[in-house]
């Protein structure tokens, strides 16, 4: 075996701000193998991925648009993870929100936009909560592991969406498996001219700030963090652990539902099966990279959106498959987790 | 009537095969104290690598080996993260699933471009037919890997309960401190469980691309890894009961396919969702009296 010695001990102060930088550098070094395989220079690819999107106005706006859903799923996941509830079901909860939002949106003909959009957001939040309810109840009543139930419900939700789109909601005109288009007055306004950045971005930022306040300034948030740090101690202090975790799970589901509302109301204007290319799972990366804190979650959502946008540039300019961004994000997650240990441990070789 | 029951049984065994391999692998790993949510991506990349290796070398056996190696290597990575570094197992496992899936999709694009029809093998593993032209044909006409999956259940049971290896594996999953005191190398034991379990998962993935489909498509695993994890819980970490869970899921799945073929007036997607719902319900029902390996999810740190 390796004589790898890991000792507890704080990292030197100069190292701490460097940790995210180290993680990014290590990740790109690892991923450059794939970039070379695709026949491109890793340096060109890094330029396309991290710099090029920032140089153009339209690409900068795209980053905000792409950050919108993963900021919401990131916040959703963080709220649950903070108290040790591993909600892996943001993907399904997002679709639940999207279904309700599409239904409200389609039937919102004639309502003032404020009312229509408000109803969509409320319906989407409720739908996400509803889809998170069963695993949350099973967890708090029967101690059934939430990881498996939330994961399986993601699969179930995809079947439900498919049933809807191939059944009652199949577009009567085109015959495509997509829902009817939502009413004009339910479509989210664009907030930056000549871009696709929509109201959903503001919703996402407001939600993130609200959760920030909740976690940092309210008794409820403090209790959630206490439960996450030490469940037994929290119980002992008289915090109703099960009820708090249940509440956090539902809030988490609701916020994930909002991500679905944004995609229906601000991007597609109808429900489709490919609405989310895994935003729910990306939320787990966003939340973890952000260390479950709201400033961190906001930063990492923007950073992952930059990589997503950059992967499109890299694909156009260098013909590198766009899936590069999936690989980078996952690798970044694992590398960051490992590098974060530098905060707490010193590693020494030898006996 | 008899015929259709036999056909149903045949379909059940076929559907159960990849889930069984995955679930047996996961059982070994979890009994050693590691929850491996990397299973879904591990099976996908193993299916892909197995397919590519078979296509490049023209040998299905090399393909199968590549699948098993892929599984073992990804689980080795899981070990590095969760055993050596002691990182959160949920997040490490999901990270591996996302990483492996990303790599599979990336490599697929490079090797096969934007092919819309999935690339297929010139010839794949063919089913054995030990009872040709009898009423038993539909049950027993199966890939040898299906038989292997069924045989793996008593093998894993024997390994866990009747060998020193299994005793040690269970010890590090239940009480690593005591195991360490007794002179068992906790880290090495967990790594061994991960590699062996990973190889089984890899074979499960490769079964789909090398035998059942003879082709590779993005959605080839389609949640089977998650189902494997669910049936491990359903089976209370006992291989024979895990087998029961896998057969329950695949039985309902087979029935659902029959109903769909018979033209039942239900949206087929709801039938597709049925086995998932039933497994959740089953887990909820057995949820009260499960015996989770005591050290599951807990990284082991040797003091001093």
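Chains as they are written, first to last, in my numbering: chain S, 1 to 351; chain P, 1001 to 1304. Each residue gets a CB set at the ideal place from its N, CA and C atoms; glycine is no exception. Source: prediction; values computed, not measured.
- Between residue 117 of chain S and residue 271 of chain S a beta carbon distance of about 16 Å is seen, past the 8 Å cut, so the two are scored as non-contacting.
- Judged by their CB atoms, residue 1254 of chain P and residue 1012 of chain P are nearer to each other than the 8 Å cut-off.
- When secondary structure is reduced to three states using DSSP, residue 206 of chain S falls in the helix class.
- Of the other Cβ atoms in all chains shown, fewer than 16 fall within 10 Å of the Cβ of residue 206 of chain S; this residue is therefore exposed.
- Apart from the 5 residues on each side of it in sequence, residue 281 of chain S sits with its Cβ closer than 7 Å to the Cβ of 91 in its chain, given in chain order.
- Listed in chain order, the alpha helix (DSSP H) runs fully inside the stretch 248-323 of chain S are 279-289 and 294-318, counting runs of at least 4 residues.
- In this structure the stretch 1153-1167 of chain P does not touch the stretch 1132-1143 of chain P; the number of beta carbon pairs closer than 8 Å is below three.
- Rounded to whole angstroms, residue 241 of chain S and residue 287 of chain S show a C-alpha spacing of 22 Å.
- By the rule that beta-carbons nearer than 8 Å mark a contact, residue 92 of chain S does not touch chain P.
- As DSSP reads the structure, residue 1215 of chain P sits in a beta bridge with P:1120.
- No Cβ-Cβ contact shorter than 8 Å links residue 1189 of chain P with residue 1071 of chain P.
- Residue-level contact by beta carbon holds for residue 1230 of chain P and chain S, with a gap shorter than 8 Å.
- Apart from the 5 residues on each side of it in sequence, residue 1057 of chain P has no Cβ closer than 6 Å to any other Cβ in its chain.
- Counting the other Cβ atoms within 10 Å of the Cβ of residue 143 of chain S gives fewer than 16, which makes it exposed.
- Here residue 43 of chain S is exposed: its Cβ has fewer than 16 other Cβ atoms, across all protein chains shown, within 10 Å.
- Every alpha helix (DSSP H) of 4 residues or more that sits fully in the stretch 184-241 of chain S is shown, in chain order, as 199-217, 219-229 and 231-236.
- Residue 1199 of chain P has its alpha-carbon roughly 21 Å from the corresponding atom of residue 1245 of chain P.
- Residue 1280 of chain P reaches chain S at 134, 135, 138, 144, 148, 149, 152, 153 and 156, counting residues in chain order whose Cβ is nearer than 9 Å.
- Residue 44 of chain S is outside the set of residues whose beta carbon lies under 8 Å from a beta carbon in chain P.
- The CB of residue 1276 of chain P comes closer than 7 Å to the CB of 152, 155 and 156 in chain S, given here in chain order.
- Residues of the stretch 158-171 of chain S with a C-beta less than 8 Å from any C-beta of chain P: 159, 160, 162, 163, 166 and 167, listed in chain order.
- Ranked by how close their Cα comes to the Cα of residue 181 of chain S, the residues S:106, S:334 and S:123 have S:106 in first place.
- Residue 94 of chain S: member of the alpha helix (DSSP H) spanning 90-106, first to last residue.
- According to the DSSP assignment, residue 86 of chain S belongs to no alpha helix (DSSP H), since it is labelled neither H nor E.
- For residue 1199 of chain P, the enclosing alpha helix (DSSP H) has its first and last residue at 1186-1207.
- DSSP places residue 1057 of chain P in the uninterrupted alpha helix (DSSP H) bounded by 1039-1057.
- Burial state of residue 1269 of chain P is buried, judged by a 10 Å Cβ sphere holding 16 or more other Cβ atoms.
- Where residue 1242 of chain P is concerned, the enclosing alpha helix (DSSP H) starts and stops at 1239-1261.
- Going by C-alpha positions, residue 230 of chain S is about 11 Å away from residue 237 of chain S.
- Interface annotation, residue 1218 of chain P: not in contact with chain S, CB-CB separation never under 8 Å.
- Rounded to the nearest angstrom, the gap between the Cα atoms of residue 1148 of chain P and residue 1217 of chain P is 24 Å.
- If the five residues before and after residue 1156 of chain P are omitted, its C-beta is found closer than 8 Å to the C-beta atoms of 1024, 1027, 1028 and 1239, all from its own chain and listed in chain order.
- Residue 1299 of chain P is outside the set of residues whose beta carbon lies under 8 Å from a beta carbon in chain S.
- DSSP, read as helix, strand or coil, puts residue 337 of chain S in helix.
- The C-beta distance from residue 1193 of chain P to residue 1167 of chain P rounds to 13 Å, too long to fall under 8 Å, and the pair is not in contact.
- For residue 37 of chain S, the residues of chain P that pass the 7 Å Cβ criterion are 1110, in the order they occur in the chain.
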